[in-house]
Structures are given as structure tokens and as C-alpha cells.
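Quick note on the UniProt record's numbering: the sequence shown kicks off at 3 and runs consecutively.
Glycine included, C-beta positions come from ideal geometry on N, C-alpha and C.
Values in this document were obtained by computation on a predicted structure and should not be read as measured data.
The block underneath contains the structure these notes are about, expressed in C-alpha cells.
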Amino acid sequence: GAVKSYAAVDLGASSGRVMVGRVGRDSLELSEAHRFPNRPVRVPEGLRWDVLGLYAGVLDGLRAAGRVDSVGIDSWAVDYGLLDADGALLGNPVHYRDARTEGVAEKVWASVPPEELYAATGIQYAPFNTLYQLTAARSTAQLAAARRLLLIPDLLTYWLTGEQGTELTNASTTQLVDPRTRDWSYDVAARLGIDLKLFAPLRRPGDPAGVLRAEVLEETGLRGPVPVTAVGSHDTASAVAAVPAVGERFAYICTGTWSLAGLELDEPVLTEESRAANFTNELGLDGTVRYLRNIMGLWLLQECVRAWGDPDLGELLREAAEVPALRSVVDAQDAAFLAPGRMPERIAEACRASGQPVPETRGEFTRCILDSLALAHRRAIGEAQRLADHPVDVVHIVGGGTRNALLCRLTADACGLPVVAGPTEAAALGNVLVQARAHGLVGDRAGMRRLIARTQPLTRYEPSGDAAAWRAAEARLAGAAP
Ligand code: ADP
Ligand code: LRH
């Protein structure tokens, strides 16, 4: 049968890539056309994304990809660019790790208490949710001049096609969407003085998002028309779409810069208990809910590696494997680890403050991070099952962390469940398959998942560790929490 090619632009917090997926009736092959670093830049006004550099990377990638039947874009959530009345970008998009949102939540909660915010939006508290970012920006000249707000994938789509929209899965991360109606939360926005007219109309995964502009065709050497298709433009929505699960009794962990650990549900869980446990209800494909918790993820390791002058990752992981298990653990959900810088020192401080041995060697720090991540995975998956009343038999790990066998093994041990690791480029695969589905090439969500399971390499890890030791570590951490 016919094989079609789709370009998936997937921008993570640490790197951007343009992948090409070749999809047939019963085949799926992914290859990398171009990968480029995504480095935040600190300027006097704060931490910013180099969005022009990313756009240049996208153009280079499309040129390298060659002839494709469609293009889709996904990226990290919550961040945005502002356009003036002429449609020109106002400044560099602010990085979600920027300090501008410190102390802003209290201001928001004075107008809409956190209980009401959660009941209306289902989104967990994180200082960087777009809602808090917009509140932090309230009296800036830039926001006053802004006529349009485009989330990062929508901004790049606009530059490629000239068309503006707000893709729903990513819109849900703004904390301005009602997960029951899957439309804006008009009441929350009004009470916080946020003008929803800043946002372009909502669009859904699979919707057309324009065609590459003539200048883009010229720059990339592509022959038009090349359509751009809306995908799950939140990278985590695309990644969850590519989890090769069978049935419904599964949990997933999307591991990269973050670990996003949770469940796919049909309806949001908006209880007070769920809010207190800081679980979020982001929107996924086909009206599903991504019920999950944000865990600091491999960011903890990335920042240590940066502090140590970029030693070899494989070497570090081999050293970590030799260190005794669960010597010291830190709370990998703690927002204290959000900002860049001084990561080994902050981890050492957390160990000292909770009366645990302070890691000394790089191997010990690495082991502490991986044990702490596995423990946070265990807690998130355990609590999600209980809060959503949705038991699971298996944990799927997707994303860059699947390349870290020690992390996968520790997660299986910690959860006491089998782990199936793969695919590594899940977000790109979910992006590709939503495009293919929009063009009639693959079936429903279950069919997409079967195709991934049949065609992509997966590794299975059976739980083998000392279950009592993980229970004790969990209790120890809970005891140490303030
Ligand atoms: P993001 O999409 O958030 O930028 P990725 O999904 O690309 O992140 O995952 C990046 C992480 O994957 C890195 O921080 C690193 O810890 C891990 N990783 C990448 N390559 C390897 C490898 N060869 N061995 C072990 N871990 C790896
Ligand atoms: C992962 C991610 C995550 C968000 C964070 C800001 O890349 O999109 O789902 O919470 O970035």
C-alpha cells in the first residue's frame, strides 16, 4: 500500500528535533532529520527562550527532511510569545524557569482561591502555569502592547503558515480551560482580569493548520503545497498518544527533562484530595484526560552534569550502579529544584536537612537522583491509582529516560510492577500518528498504540528489588517533609 511521510517537529526543554515518520497500513518507521540544542539564555531582564534559533532549527530540519505529506509541531507546555497589532513578535518568550512568578500565586488566590481554581480547571499548582505568568506580566509594557498570545507550537505554526490558532491539549496547561467542557474557563479568566481575546480560536489535534508559506517553501527547498496539521501540540499529549499500551490498566511515565507520571482517564478527577496531592488533569487526544503529576525528572541530573563540566553520562551511570541503593533520597517533586544552578549543592543541602548521608562522589549524587526519581514515580503512580480508582498492571516509560536502563530498573523495583520501556521518541511518534490519522491512514487510539507496539523496539523490566526497602524510603521521605 501507499506509504506517506510526515515531519514531526518536537521541541523539548533540552533539545529540538525534526523527525520523519513513514507510515503505511501496517508499518511505521521513524528517522531523525535534524537535532539541535535548546539552550535558555539569561539576559538582564531574565531567563528567555531563543525562539528564533529554534525556528531556524525547524527550517533546517524541514530542509533535511525533504518531501513530506504534512508537518506537525509539538513542544513543552505553558510558555508563549506575544504579538503586537501588526502580528510581530514582542520580545523573547519568557522561560518557565524564570523567577518572575515568585510570590504571584498568592495574588491570584486572593481573587480565586486555590480550591475554586482546581475545581474549575483541574490543573495542579505550578508557579509557571500560564495563568500565573500572565498575572506576573500584568503591568508590563509588553503585555499592554500585545494583541495576540500564541503558545510556543502555535507561534511556530503561525510563522510557518501565517495562520493563528490555539491547540487544545496545550491550551489546557494554561490553567484557563475547563476540562469538562473542553472550552475556556470564562469565569476564572474574568475574575483574574485575563482577556481571552488575546487567544486565537481553539483547534483540536487533527485539525488543518494551514500550508507552508511561499517563503518557507523557498527557504527549505520543499515543493508546495505542504499542509501543517494540528497535533497534540503539548509534547506530553503527543507522548501519551504513543504509549504502546494494550487496554486501560496501564500507567505511563514520560521521562525527559521532566517525569510526567500518571494515567489516561475519560473524565477529570476534581476532588479536594486530588488537589491536595497536586495531580493535574491535562487534556489529551479524543477528549481523554492526562491525570498526572510533574516530577522534576532528569533535569536534576542535567543540571549536575552541567555543574560538573559535562562528564560522560554513560560513565556516571556505571558509577551510580555500583553505589548501594537508597542511601539518601530527596523529594523529586519539590519546586525547590525548579530554578537552574547549584544543583549538587541543593541536593546535598536537602540530604543534610533530612538527616541522611550527603553524597560525595559524582556516582553517589547520580544514584541519589535516580533513586529519588524512582521513588517519586512510585508515589505518583500509587496515588494516581487510588485517587482515580483506576488500578494498573504495568508501567510504560517513554521519552529520553528509556535510554537510562538503571532508571527503568529502579522504577520497576520501586513500583513493584513490570515496566515496558519505549519508544524513546514517543512525542514525535504521537505527532506523526495524529497527522497520519487526520489523513485517514491509521485507525483509532488503540490502533495507533498497536502499531507502535508492533513496530518499535521495547524493553521489559520485571520488578526484582527489595519492596520493603522502597516502602521504608517512601515513609522516610514522607516523615522528612515539612
Ligand atoms: P526533552 O524532550 O525534555 O528535551 P528528552 O526526552 O530528549 O528530553 O530526554 C533527555 C534526557 O534523556 C537527558 O537529560 C538524559 O538524561 C537522557 N538520555 C539521553 N541520552 C541518553 C543516554 N545515551 N543514556 C542515558 N540517558 C540518556
Ligand atoms: C514537558 C512539559 C511538561 C510541562 C513542562 C513545562 O516537556 O511539557 O508536560 O509541565 O514541560
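**Item:** Residues of its chain near residue 365, where Cβ-Cβ distance is below 6 angstroms and the 5 sequence neighbours each way are ignored
**Value:** Position 363 of the sequence shown, counting from 1, holds the residue named residue 365. Closer than 6 angstroms at Cβ, skipping near neighbours: 321, 322 and 325.
- prompt: Can we count residue 296 as close to the ligand SAH, meaning its CB is less than 6 angstroms from some heavy atom?
  reply: As presented, the structure is devoid of the ligand SAH, carrying the ligand ADP and the ligand LRH as its sole ligands.
> Nearest-angstrom Cα distance between residue 233 and residue 185?
Replying inline: In the sequence shown, counting from the first residue as 1, residue 233 sits at position 231. In the sequence shown, counting from the first residue as 1, residue 185 sits at position 183. When rounded, the distance between both Cα atoms is 17 angstroms.
Who are the Cβ neighbours of residue 484 in its own chain at under 8 angstroms, not counting the five residues just before and after it? Taking the sequence shown and counting its residues from 1, the one referred to as residue 484 is at position 482. Note that residue 484 scores a pLDDT of 42, beneath 50, so its modelled location is shaky and nothing firm can be said.
Item to complete: Assign residue 331 to buried or exposed, taking buried as 16 or more other Cβ atoms, counted over all protein chains shown, within 10 Å of its Cβ.
Response: Here residue 331 corresponds to residue number 329 of the sequence shown, with the count starting at 1. Classification of residue 331: buried, given that the 10 Å Cβ count is 16 or more.
| query | Closer than 6 angstroms from C-beta to any heavy atom of the ligand ADP: which residues, in chain order? | reply | 14, 15, 16, 17, 258, 259, 300, 303, 304, 315, 401, 402, 403, 405 and 406
Item to check | Beta-bridge partners of residue 261, as assigned by DSSP | outcome: Position 259 of the sequence shown, counted from the first residue, corresponds to residue 261. In DSSP, residue 261 forms a bridge with 257 and 297.
Any heavy atom of the ligand LRH closer than 6 angstroms to the CB of residue 78?
Within the sequence shown, residue 78 is the residue found at index 76, counting from 1. Flag set: Cβ of residue 78 near the ligand LRH.
So residue 209 is in the beta strand (DSSP E); what residue range does that whole segment cover?
For the purposes of this step, residue 209 is identified with residue 207 of the sequence shown, where counting begins at 1. Careful: residue 209 lies outside any beta strand (DSSP E) and carries neither H nor E.
Does the Cβ-Cβ distance between residue 228 and residue 389 come in under 7 angstroms?
-> For the purposes of this step, residue 228 is taken as residue 226 along the sequence shown, with counting starting at 1. For the purposes of this step, residue 389 is taken as residue 387 along the sequence shown, with counting starting at 1. No. Outside cutoff.
Distance between beta carbons of residue 57 and residue 151, contact taken as under 8 angstroms: Indexing the sequence shown from 1 puts residue 151 at position 149. Indexing the sequence shown from 1 puts residue 57 at position 55. Contact flag wrong, Cβ pair sits at about 17 angstroms.
Could you round the C-beta distance between residue 342 and residue 385 to whole angstroms and report it? I think they count as a contact, below 8 angstroms. Here residue 342 refers to the residue found at position 340 of the sequence shown. Here residue 385 refers to the residue found at position 383 of the sequence shown. 28 angstroms between Cβ atoms; not a contact.
Provide the residue span of the alpha helix (DSSP H) that contains residue 367, from first to last.
Along the sequence shown, read from residue 1 onward, the residue named residue 367 stands at position 365. Here the alpha helix (DSSP H) through residue 367 covers 364 to 390.
Are the beta-carbon atoms belonging to residue 281 and residue 394 less than 7 angstroms from one another? Position 279 of the sequence shown holds residue 281. Position 392 of the sequence shown holds residue 394. No, these two residues do not count as a Cβ contact at 7 angstroms.
Open item on the list: Among the candidates 409, 130 and 476, whose CA atom is the shortest distance from the CA of residue 315?
Closed with: Numbered from its first residue, the sequence shown carries residue 315 at position 313. Here the closest residue by C-alpha is 409.
Quick one: is residue 469 buried, meaning 16 or more other Cβ sit within 10 Å of its Cβ, or exposed?
The residue labelled residue 469 in the question sits at position 467 within the sequence shown. Classification of residue 469: exposed, given that the 10 Å Cβ count is below 16.
Roughly how many whole angstroms lie between the Cα atoms of residue 453 and residue 115? For the purposes of this step, residue 453 is identified with residue 451 of the sequence shown, where counting begins at 1. For the purposes of this step, residue 115 is identified with residue 113 of the sequence shown, where counting begins at 1. Each residue's Cα considered, the two are about 44 angstroms apart.
request  = Only counting runs of 3 or more residues, tell me where the beta strand (DSSP E) segments fall wholly within the stretch 110 to 183, in order along the chain.
outcome  = 150 to 153
Reducing DSSP to helix, strand and coil, say where residue 339 ends up. Residue mapping note: residue 339 aligns to position 337 of the sequence shown, counting from 1. It is helical.
- Item | CB contact flag (residue 35, residue 63, <7 angstroms) | Working through the sequence shown from its first residue, we reach residue 35 at position 33. Working through the sequence shown from its first residue, we reach residue 63 at position 61. Cβ distance < 7 angstroms, so residue 35 and residue 63 count as in contact.
- Task: Use the C-beta contact count for residue 427: other C-beta atoms within 10 angstroms, 16 or more gives buried, fewer gives exposed.
- Result: Taking the sequence shown and counting its residues from 1, one reaches residue 427 at position 425. Flag for residue 427 reads buried.
Apart from the five residues just before and just after residue 329, which ones in its own chain have a Cβ nearer than 6 angstroms to its Cβ?
-> Within the sequence shown, residue 329 is the residue found at index 327, counting from 1. Excluding sequence neighbours, residue 329 sits near 359.
Roughly how many angstroms separate the alpha carbons of residue 146 and residue 85, rounded to a whole number? On the sequence shown, residue 146 is found 144 positions in, with the first residue counted as 1. On the sequence shown, residue 85 is found 83 positions in, with the first residue counted as 1. Rounded to whole angstroms, residue 146 to residue 85 spans 11 angstroms at the Cα level.
List the DSSP bridge partners of residue 100.
To locate residue 100, count along the sequence shown from 1; it is residue 98. The partner list for residue 100 (beta bridge, DSSP) is empty, contrary to what the question assumes.
Does the ligand LRH have a heavy atom nearer than 6 angstroms to the CB of residue 238? Sequence index remark: in the sequence shown, residue 238 carries index 236 (1-based). Yes, the ligand LRH has a heavy atom inside 6 angstroms of this Cβ.
Can you find a heavy atom of the ligand LRH that lies under 6 angstroms from the Cβ of residue 98? For the purposes of this step, residue 98 is identified with residue 96 of the sequence shown, where counting begins at 1. Yes - the ligand LRH has a heavy atom lying nearer than 6 angstroms to the Cβ of residue 98.
Checklist entry - Which residues in the same chain have their Cβ closer than 7 angstroms to the Cβ of residue 65, if we skip the five residues on either side of it in sequence? => result By 1-based counting over the sequence shown, the position of residue 65 is 63. Here the set comprises 222 and 223.
#### Entry: DSSP state of residue 63 mapped onto helix, strand, coil
Along the sequence shown, read from residue 1 onward, the residue named residue 63 stands at position 61. If DSSP states are grouped into helix, strand and coil, residue 63 belongs with the helices.
| Is residue 186 helix, strand or coil when you go by DSSP? | Taking the sequence shown and counting its residues from 1, one reaches residue 186 at position 184. Residue 186 falls in the strand class under three-state DSSP.
**Report entry** Whole-Å CB distance - residue 263 paired with residue 447, under 8 angstroms assumed
**Finding:** Within the sequence shown, the letter at position 261 stands for residue 263. Within the sequence shown, the letter at position 445 stands for residue 447. Not a contact, Cβ separation roughly 20 angstroms.
Review point. Does at least one heavy atom of the ligand LRH sit under 6 angstroms from the Cβ of residue 133?
Key: Taking the first residue of the sequence shown as 1, we reach residue 133 at position 131. Residue 133: no, Cβ never under 6 angstroms from the ligand LRH.
Note to self: Using 7 angstroms as the threshold, is the C-beta distance between residue 230 and residue 43 below it?
What the structure shows: The residue you call residue 230 lines up with position 228 of the sequence shown. The residue you call residue 43 lines up with position 41 of the sequence shown. Going by C-beta atoms, residue 230 is not nearer than 7 angstroms to residue 43.
*Does any heavy atom of the ligand LRH sit closer than 6 angstroms to the C-beta of residue 262?*
To locate residue 262, count along the sequence shown from 1; it is residue 260. Under cutoff, so the answer is yes.
**Item:** Counted within 10 angstroms of its Cβ, other Cβ atoms place residue 415 as buried (16 or more) or exposed
**Value:** Working through the sequence shown from its first residue, we reach residue 415 at position 413. Buried, since its Cβ has 16 or more Cβ neighbours within 10 Å.
Secondary structure at residue 242, three-state DSSP: helix, strand or coil? Numbered from its first residue, the sequence shown carries residue 242 at position 240. Helix, per DSSP.
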